[in-house]
Every structure is written in structure tokens, then in C-alpha cells.
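Below is one structure, written out as C-alpha cells; comments come after it.
Residue numbers (full-length UniProt numbering): 1 to 194.
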């Protein structure tokens, strides 16, 4: 029996480094600053906040396509909903209906996401001999990475493996296996991206 589809809401947030993470499925989660992806059983909606950046919109398009291909076997509709467009648009009406009907979003002052929250929820781990060790950082920068090591970058929704150019094939394989084990042991929803 196929697994029942669970409706999920994701946010694409950040001006320079766009992060994607699952957020509570509630109208109060939506805002004018970011792009949101609502994944329903039959349709994926991309809601672009009126103040969202081109980078956030581009990342959302990538994620929407990934969700469609991976979790819907390429067989579901995609709808774009622009912030500020009223209910005359059928897709906007359908989108807002899932949240219990249209209501204006609160005006929030724009925060400088990249400096205050760039590392919020993002974790970096070095991988040596199949064991992961947390790497402390204030700002995620390339200088943190040693080309003789492999790393796992946990961005919440996505997990990345970085393999230093001076690492052996065994080290690289070990890092990939550690990332898979890390993903399985961290109790993430199956819909998360790896």
C-alpha cells in the first residue's frame, strides 16, 4: 500500500545563501519576504512573497521540480501564486482555500537574514574514519574546510557531502556512507532532500 501523502509547507529564505526548510503548515507562517512551497497530493504551489528575492524564487523552482520528480513521479500540477494577486486567479483561490481562505499577511520589517540567521539551523561536521565530529563556526566560510578531509553540511531540508580534493577514495566513500547513516538516524521526514 503506498504511503499516504502528507501536505507540507517549505520556506526558501535568504538573500545570498538561500536555505530551504520545512515550516508549520499555517497561514501565520507565510510572509511577504520569502518564497513558500506548498506540497499537496495533487498540486505543488509556489507562493512568492512580494518582497522575495530572485535567488529565493530560483531556488524554489529547483525544489518544486525536485519534489515533483521525486515524490510525485513527475505526475502532479505546479501552480505559481504571486503575493498581492487577489482571488480572481483560480490557482490563488485554491491556494488560499487550503489555508482556510484569504487574509492579508502582516507587514513585517525586512531582517538581514544572511547575517543574523545564515548559520541558524545549519550544522557542519567533519568526517574521519566513518565518524562525524561537529565543527563550531560563527559564519559559514570556505576557510573552514580542509582539503584533506570530508564534511557533511546539514541545512535542515538538505544534506550535502563535501569531499576535499586531497582525500582518498576510501575517505570519500566513508563520508557518503556517514551522510546516509546521519540522515537515517536523525529522524527526518522521508520528504527531505539528500
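Every residue, glycine too, gets a C-beta built ideally from N, C-alpha and C.
Bear in mind the structure is a predicted one, so any value in this text is a computation, not a measurement.
Practice problem: Determine the DSSP secondary structure at residue 144, reduced to helix, strand or coil. | Solution: Here residue 144 is taken as the residue at index 144 of the chain shown, counted from 1. Helix.
Exercise. Give the single residue among 54, 94, 32, 35 whose Cα lies nearest to the Cα of residue 42.
Key: Residue 42 sits at position 42 when you count from the first residue of the chain shown. Minimum Cα distance to residue 42 is reached at 94.
Quiz prompt | Test item: CB-CB of residue 45 and residue 91 under 9 Å | solution = In the chain shown, the residue the question calls residue 45 occupies position 45. In the chain shown, the residue the question calls residue 91 occupies position 91. The answer is yes: Cβ separation under 9 Å.
Quiz item: Can you name the start and end residues of the alpha helix (DSSP H) that residue 57 belongs to?
Solution: Translated into the one-based positions of the chain shown, residue 57 becomes position 57. That run of the alpha helix (DSSP H) goes 54-71.
Quiz item: Should residue 59 go down as buried or exposed, given a rule of 16 or more other Cβ atoms within 10 Å for buried?
Solution: Here residue 59 refers to the residue found at position 59 of the chain shown. So residue 59 ends up on the buried side.
Quiz item: For residue 53, is the classification buried or exposed, using 16 other Cβ atoms within 10 angstroms of its Cβ as the cut-off for buried?
Solution: Position 53 of the chain shown, counted from the start, is the residue given in the question as residue 53. Burial call: buried.
Practice problem: Please find out if some non-hydrogen atom of the ligand MN comes closer than 8 Å to the beta-carbon of residue 131. | Solution: Inclusion of the ligand MN in the displayed structure is not the case, the ligand content being empty and no account of it being possible.
Practice problem: Please list, in chain order, all residues of the same chain as residue 110 whose beta carbon is under 8 Å from its beta carbon, the five residues on each side excluded. | Solution: Counting from one through the chain shown, the residue named residue 110 turns up at place 110. The predicted model places residue 110 with a pLDDT of 47, which falls under 50 and marks its position as unreliable, so this point remains unresolved.
Exercise. Tell me where the alpha helix (DSSP H) around residue 171 begins and ends.
Key: Within the chain shown, numbered from 1, the residue matching residue 171 stands at position 171. From DSSP, the alpha helix (DSSP H) with residue 171 extends over 169-185.
Exercise. Go through its chain and collect everything with a Cβ distance to residue 10's Cβ below 6 Å, but skip five positions before and after it.
Key: Residue numbering aside, residue 10 sits at position 10 when the chain shown is read from its first letter. Same-chain partners within the cutoff: 20, 22, 37.
Quiz prompt | DSSP beta-bridge partners of residue 134 | solution = By 1-based counting over the chain shown, the position of residue 134 is 134. Answer is 125.
Quiz item: Quick one, which of 71, 72, 48 has its alpha-carbon nearest residue 61's?
Solution: Within the chain shown, the letter at position 61 stands for residue 61. Taking only the C-alpha atoms, the option nearest residue 61 is 48.
Quiz item: Expressed to the nearest angstrom, what Euclidean distance is found between the alpha-carbon atoms of residue 175 and residue 127?
Solution: In the chain shown, residue 175 corresponds to position 175, counting from 1. In the chain shown, residue 127 corresponds to position 127, counting from 1. One C-alpha to the other measures close to 6 Å.
Exercise. Identify the continuous beta strand (DSSP E) that holds residue 30 and give its terminal residues.
Key: Working through the chain shown from its first residue, we reach residue 30 at position 30. Counting along the chain, residue 30 falls outside any beta strand (DSSP E), and DSSP gives it neither H nor E.
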